[in-house]
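Scroll down for the structure; my scribbles are underneath it.
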Amino acid sequence: MGTDILRRHAVQVEGNPAGRPMLFAHGFGCDQTLWRFVAPAFEADHRVITFDYVGAGASDRSAYDPQRYASLDGYAEDVRAICAALDLRDVVLVAHSVSAIIAVLAAIAEPDRFGALILVTPSPRYLDDLPEYRGGFAPADIDGLLQMMDLNAMGWASYLAPIVMGNADRPALAGDLETTFCSIDPAMARQFAEVTFRGDNRADLDRVTTPSLIIQCAEDAIAPPSVGAFVHDHLRGSDLRVIAATGHCPHVSHPAETIEVIRSYLRSQQEQRTAKVDVRSA
Numbered sequence: 001m002g003t004d005i006l007r008r009h010a011v012q013v014e015g016n017p018a019g020r021p022m023l024f025a026h027g028f029g030c031d032q033t034l035w036r037f038v039a040p041a042f043e044a045d046h047r048v049i050t051f052d053y054v055g056a057g058a059s060d061r062s063a064y065d066p067q068r069y070a071s072l073d074g075y076a077e078d079v080r081a082i083c084a085a086l087d088l089r090d091v092v093l094v095a096h097s098v099s100a101i102i103a104v105l106a107a108i109a110e111p112d113r114f115g116a117l118i119l120v121t122p123s124p125r126y127l128d129d130l131p132e133y134r135g136g137f138a139p140a141d142i143d144g145l146l147q148m149m150d151l152n153a154m155g156w157a158s159y160l161a162p163i164v165m166g167n168a169d170r171p172a173l174a175g176d177l178e179t180t181f182c183s184i185d186p187a188m189a190r191q192f193a194e195v196t197f198r199g200d201n202r203a204d205l206d207r208v209t210t211p212s213l214i215i216q217c218a219e220d221a222i223a224p225p226s227v228g229a230f231v232h233d234h235l236r237g238s239d240l241r242v243i244a245a246t247g248h249c250p251h252v253s254h255p256a257e258t259i260e261v262i263r264s265y266l267r268s269q270q271e272q273r274t275a276k277v278d279v280r281s282a
């Protein structure tokens, strides 16, 4: 069963077998290759695991179940199943975009499994709920995107990729993301888009007990800084780091800054753990 799960999600394991596990979860329209600029930096000290959600990358697309993936809970169950198959404990779950909320759901369901959540440009709700909450999108924006996906299976990719990536002065980045978007099965991408952009997981944030880091870009059209601040306010004990980056994918556009923020947080967490052990031993 464990082998089947690993094959289904094209799981790759690299790095230090004795190190603390780090599991990297990609966002909507992406696959595990987008972590190639960040994940290898942790291989010396960590057991580094990457994977594809069913429907993305090299996953087994025959395993796609529209009923299972009608909510983010199905994706969270996949994350937990991968951890169980590899017998991972004290996991550092590094999750981008919608995967940040998938990580939240996984940690709520199984808090003893995860030691830290690294939430890269998270958003619990992409739709505006004015005046209290600004998610970044009006209902008409999401309706238009979904209609575009219905009418033009691939045209949505060329529309969305530059918005997600930002960094208009580096068009090759958006081009690479568009290629990744286009590699996903259109029907699966359409359902994932609906689940992602119409979802509302704001109430779930208060249920998280796992230590969390929020990485927010200073300019992000998909998850503006106000969203990062909202997540920080509702994730108890979380840290918020705003990096001088544009776009929604700092692990691609600004990998060095992303690596340093993650390293700094994990180093601080380890120092806190060591201090607690020293106090108990005194």
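So the sequence shown is numbered by our numbering: it starts at 1 and just counts up by one.
Beta carbons: idealized from backbone N, C-alpha and C, even for Gly.
Everything numeric in this text was worked out from a predicted model, so none of it was measured.
- By the C-beta density criterion, residue 149 is buried, having at least 16 other C-beta atoms within 10 angstroms.
- Take residue 138, set aside five residues on each side of it, and the residues of its chain with a beta-carbon closer than 7 Å to its own are 128, in chain order.
- Within the same chain, Cβ atoms closer than 6 Å to the Cβ of residue 219 are found at 246, the five residues on either side in sequence being excluded.
- In this structure residue 182 is not in contact with residue 165, their Cβ atoms being roughly 14 Å apart against a cut-off of 8 Å.
- Judged by beta-carbon spacing, residue 265 lies within the 8 Å limit of residue 213, meaning their Cβ atoms are closer than that value.
- Pairing residue 140 with residue 210 gives a Cβ-Cβ distance that is not under 8 Å.
- Residues 43, 46, 47, 48 of the same chain have their beta carbon placed closer than 6 Å to that of residue 15, with the five preceding and five following residues left out of the count.
- Taking C-beta atoms as the reference points, residue 184 and residue 29 count as a pair closer than 8 Å.
- Assignment of beta strand (DSSP E) within the region 104 to 176, counting only whole runs of 3 or more residues, yields 114 to 120 in chain order.
- Under the DSSP assignment, residue 15 falls in the beta strand (DSSP E) whose first and last residues are 12 to 15.
- Between the alpha carbons of residue 5 and residue 131 lies a gap of roughly 43 Å.
- Under DSSP, residue 21 shares a beta bridge with 47.
- Listed in chain order, the non-local C-beta contacts of residue 68 below 6 Å within the same chain comprise 74, local neighbours out to five positions each way being set aside.
- The three-state secondary structure of residue 67, taken from DSSP, is coil.
- For the pair residue 97 and residue 234, the CB atoms are not nearer than the 8 Å cut-off.
- The beta carbon of residue 88 sits closer than 6 Å to those of 21, all from its chain and outside the five residues before and after it, given in chain order.
- By the CB criterion at 8 Å, residue 251 and residue 120 fall inside the cutoff.
- Restricting attention to 99, 259, 207, 254, the CA atom closest to the CA of residue 237 is found in 207.
- Under DSSP, residue 95 takes part in a beta bridge, and its partners are 25, 119.
- Annotation for residue 83: the continuous alpha helix (DSSP H) segment containing it runs 72 to 85.
- By the neighbour-count criterion, in which a residue is buried when 16 or more other Cβ atoms sit within 10 angstroms of its Cβ, residue 99 is buried.
- Nearest Cα to residue 122 within the set 273, 242, 255: 242.
- A residue is called buried when at least 16 other Cβ atoms come within 10 angstroms of its Cβ; residue 101 meets this threshold and is buried.
- Taking all protein chains shown into account, residue 179 has fewer than 16 neighbouring C-beta atoms within 10 Å of its C-beta and is therefore exposed.
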